[in-house]
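Note that this note's numbering has the sequence shown beginning at 49, numbered continuously upward. Since the structure comes first, as structure tokens, the remarks are kept for the end.
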Amino acid sequence: MTAIVEPKTKPQADRNETPAAAAPRTEVERPVVLAARGLRKAFGGQVVLDGVDLELREGEVILLRGDNGSGKTTLINILTGNLEPDAGTIHYLADGSPREFRFPRRWWQELNPFDHFTPESTAREGIGRMWQDVRLFNSQSLRDNIAVAEPRHLGENPIRAIFTAGRCRQQEAEIARKANEMLARLGLAGRETSSGDKISLGQSKRVAIARAVAAGARILFLDEPLAGLDHQGIQGVLSLLTYVAGENAITLVIVEHVFNQLHLRDLVTSDWFLSNGKITTEQLTARTTDENLKTASPEWLKALRGDDTEIVDEPLARGARLTRLRSSKQAHANQAVALELRDLIVNRGSRPVIGFDDNRNVSGLNFNLMQGEVALLQAPNGWGKTTLLRAIGGTLPIHRGTVILQGNDVTRSLAWQRYAAGLRVLQARDNRFQSLAVHEVTSLARTPKAAEHIADIANKRCASLSGGEHQLLALVTSGLLDPDARVVLLDEPLSAFDGTAIAKAVRLVRCAAHASILIVLPAFSEPRI
Numbered sequence: 049m050t051a052i053v054e055p056k057t058k059p060q061a062d063r064n065e066t067p068a069a070a071a072p073r074t075e076v077e078r079p080v081v082l083a084a085r086g087l088r089k090a091f092g093g094q095v096v097l098d099g100v101d102l103e104l105r106e107g108e109v110i111l112l113r114g115d116n117g118s119g120k121t122t123l124i125n126i127l128t129g130n131l132e133p134d135a136g137t138i139h140y141l142a143d144g145s146p147r148e149f150r151f152p153r154r155w156w157q158e159l160n161p162f163d164h165f166t167p168e169s170t171a172r173e174g175i176g177r178m179w180q181d182v183r184l185f186n187s188q189s190l191r192d193n194i195a196v197a198e199p200r201h202l203g204e205n206p207i208r209a210i211f212t213a214g215r216c217r218q219q220e221a222e223i224a225r226k227a228n229e230m231l232a233r234l235g236l237a238g239r240e241t242s243s244g245d246k247i248s249l250g251q252s253k254r255v256a257i258a259r260a261v262a263a264g265a266r267i268l269f270l271d272e273p274l275a276g277l278d279h280q281g282i283q284g285v286l287s288l289l290t291y292v293a294g295e296n297a298i299t300l301v302i303v304e305h306v307f308n309q310l311h312l313r314d315l316v317t318s319d320w321f322l323s324n325g326k327i328t329t330e331q332l333t334a335r336t337t338d339e340n341l342k343t344a345s346p347e348w349l350k351a352l353r354g355d356d357t358e359i360v361d362e363p364l365a366r367g368a369r370l371t372r373l374r375s376s377k378q379a380h381a382n383q384a385v386a387l388e389l390r391d392l393i394v395n396r397g398s399r400p401v402i403g404f405d406d407n408r409n410v411s412g413l414n415f416n417l418m419q420g421e422v423a424l425l426q427a428p429n430g431w432g433k434t435t436l437l438r439a440i441g442g443t444l445p446i447h448r449g450t451v452i453l454q455g456n457d458v459t460r461s462l463a464w465q466r467y468a469a470g471l472r473v474l475q476a477r478d479n480r481f482q483s484l485a486v487h488e489v490t491s492l493a494r495t496p497k498a499a500e501h502i503a504d505i506a507n508k509r510c511a512s513l514s515g516g517e518h519q520l521l522a523l524v525t526s527g528l529l530d531p532d533a534r535v536v537l538l539d540e541p542l543s544a545f546d547g548t549a550i551a552k553a554v555r556l557v558r559c560a561a562h563a564s565i566l567i568v569l570p571a572f573s574e575p576r577i
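Here's what the structure looks like:
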């Protein structure tokens, strides 16, 4: 069990521990693999971490919680060598050769090429990381995506590659065999030569975790490993994490969206909460996660159109459904159609992604969005949700079919022409200018009334924003506040939001009563509305 000194943790026997969190070895028997003392970090005078003390022990699983902007990403960036703290000490003990870094570091320390504090140096100490955006090599095979992480490739040295070519080939064959075995464990046997862009999001996250393990990680930091996954994808990732922590005794530190924290209850051994620059620790219980879910439940969508909201579910092909939220007045009014898709087929290469049914018959996708309504499109991973939004937005070609916007055929219109006609699209990733300040982004986007929504972060650089703050800025500039917007498409707009930030999102969507809104989410095993 971890030992955090803010406040002092109680002995394991004194705490209300769930059976699933019980570990086969006691805290005393588990060796410490990472320790940090007095970590402090400030940005522009704002203190984010204020003397953080922590310990990580072998094989434990930590859920790192905290409000948006509390410093979770900053802490992970420091522990993985991506950011230097202003003060403090970090001890790396995972690989059997202890190493210590003290901060602030002196200038002469940087003259030693073997003593740099970088992601590469921490990786050699057994530190691994899975980013929220998975970062596979899309043009490389799944086998190569895992094999490339194997440390100490003989063939990377040109002299050895020339004079010990046979030995290099033997090693490469052994590395490929191990990668194939790992893919088989992931349920991807037979997909070894598939490229990284040909698998679902859930599969790509499992490959990313496997790659970190292959690199020799003894401590693995995971940023929202369940984000954007449907029920099947969540179960696949959880199964792999259980194996990694149990069989391999790898320590896991997980930052996860409040929606998905309940899924981790049977895996997590300790719950860290980061607030006011300090970490407190407690046991994750059903009560803890249930209270979080009360503020995060998609039932908040019911409030968007008042107490008389009517919810209408319409099934779509391949396990998807369209859920409409309408007030009683809207439901019985003769509304105009804001967006209509007729027999839409979208290909990726020669393969249809949008427009085929459960029997693989290509018949085209049909649905519409009424004027002034909010609708949710929930579909499994790999269904083509992001592909659909890109096709509607004009950044991906349509193979066949028609897109009608405000009564006008825009199928052959360019993206900027669809924008001029009132279409706004918020993509789930890569929607920020990292080098600009927040107020510069809202000014560039010509977002009216943005100041009241981003006052707390207006002067921050986008590169220093937390995940939730990034997403809030993306929503503010998505078109929800634009009076000229007529249809707004939002790709997973709640990712990285805590309960407080979700309330802000509700206010933003309420500001868009002039527009029709389509929110795209992953499908779940049970209705989330």
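Even for Gly, the Cβ is constructed at its ideal location relative to N, Cα and C.
When burial is assigned at 16 or more other CB atoms within 10 Å of the CB, is I210 buried or exposed? The residue is exposed, with fewer than 16 neighbouring Cβ atoms inside 10 Å.
Got a sec? Which residues, its chain only, sit under 8 Å from K326 by beta carbon, not counting five neighbours each side? Excluding positions up to five away in sequence, the list reads E54, D98, G99, V100.
Three-state secondary structure assigned by DSSP to T435: Reduced to three states, the DSSP call for T435 is helix.
Would you kindly work out how many angstroms separate the C-alpha atoms of K226 and R215, rounded to a whole number? Their Cα atoms are separated by approximately 17 Å.
Taking the Cβ atom as the reference point for each residue, do A171 and G264 lie within a distance shorter than 9 Å? Going by C-beta atoms, A171 is nearer than 9 Å to G264.
Report the three-state DSSP secondary structure of S564 (helix, strand or coil). It is a strand residue.
Between P541, E517, G516, H518, which has its C-alpha nearest L528's C-alpha? Distance check between L528 and each of P541, E517, G516, H518 places P541 closest, using alpha-carbon atoms only.
Taking C-alpha atoms, which residue in L231, P428, W320 lies nearest to I282? Out of L231, P428, W320, P428 has the C-alpha closest to the C-alpha of I282.
Please classify Q157 as buried or exposed, where buried requires at least 16 neighbouring CB atoms within 10 angstroms. By the neighbour-count rule (16 or more Cβ atoms within 10 Å), Q157 is not buried but exposed.
What span of residues does the alpha helix (DSSP H) with P206 cover, start to end? First-last of the alpha helix (DSSP H) with P206: 206–211.
Nearest-angstrom Cα distance between E421 and V306? Distance between the alpha carbons of E421 and V306 is about 26 Å.
Using the DSSP secondary-structure output, state which residues sit across from V536 in a beta bridge. For V536, which the question treats as bridged, DSSP gives the partners R472, I565.
Along the chain, where does the alpha helix (DSSP H) that runs through E500 open and close? Taken as a continuous stretch (DSSP letters only), the alpha helix (DSSP H) holding E500 covers 499–502.
Output needed for A498: all residues of its chain with C-beta closer than 6 Å, excluding positions within five of it in sequence on either side, in chain order. Contacts found: T490, V524.
Could you give the DSSP three-state label for P273: helix, strand or coil? Three-state DSSP puts P273 in coil, outside helix and strand.
Count the other CB atoms, across all protein chains shown, that sit within 10 Å of the CB of A503; report buried if there are 16 or more and exposed otherwise. Looking at its Cβ environment, which holds fewer than 16 other Cβ atoms inside 10 Å, A503 is exposed.
Sorted by chain position, which residues of the same chain lie with C-beta nearer than 8 Å to A262's C-beta, five sequence neighbours on each side aside? Within the same chain, Cβ atoms closer than 8 Å to the Cβ of A262 are found at I194, A195, A197, E198, K226, A227, M230, the five residues on either side in sequence being excluded.
Taking only three categories from DSSP, how would you classify G284? Three-state DSSP puts G284 in a helix.
Tell me which residue opens and which closes the alpha helix (DSSP H) that S252 is part of. Note, S252: alpha helix (DSSP H), 249–262.
To the nearest angstrom, how far is the alpha carbon of K508 from that of G92? Each residue's alpha carbon lies about 9 Å from the other.
Just to check my reading of the structure: S318 and T329 have Cβ atoms closer than 8 Å, yes? What is that Cβ distance to the nearest angstrom? Their Cβ separation, rounded to whole angstroms, is 6 Å, which keeps S318 and T329 in contact under 8 Å.
Taking a contact to mean a Cβ-Cβ separation below 9 Å, would you say V303 touches R113 in this structure? Yes, these two residues count as a Cβ contact at 9 Å.
Quick check: the Cα distance between A213 and R191, rounded to an integer number of angstroms? One C-alpha to the other measures close to 21 Å.
Measure the alpha-carbon distance for A468 versus E168 and round it to whole angstroms. A direct Cα-Cα distance of roughly 46 Å separates A468 from E168.
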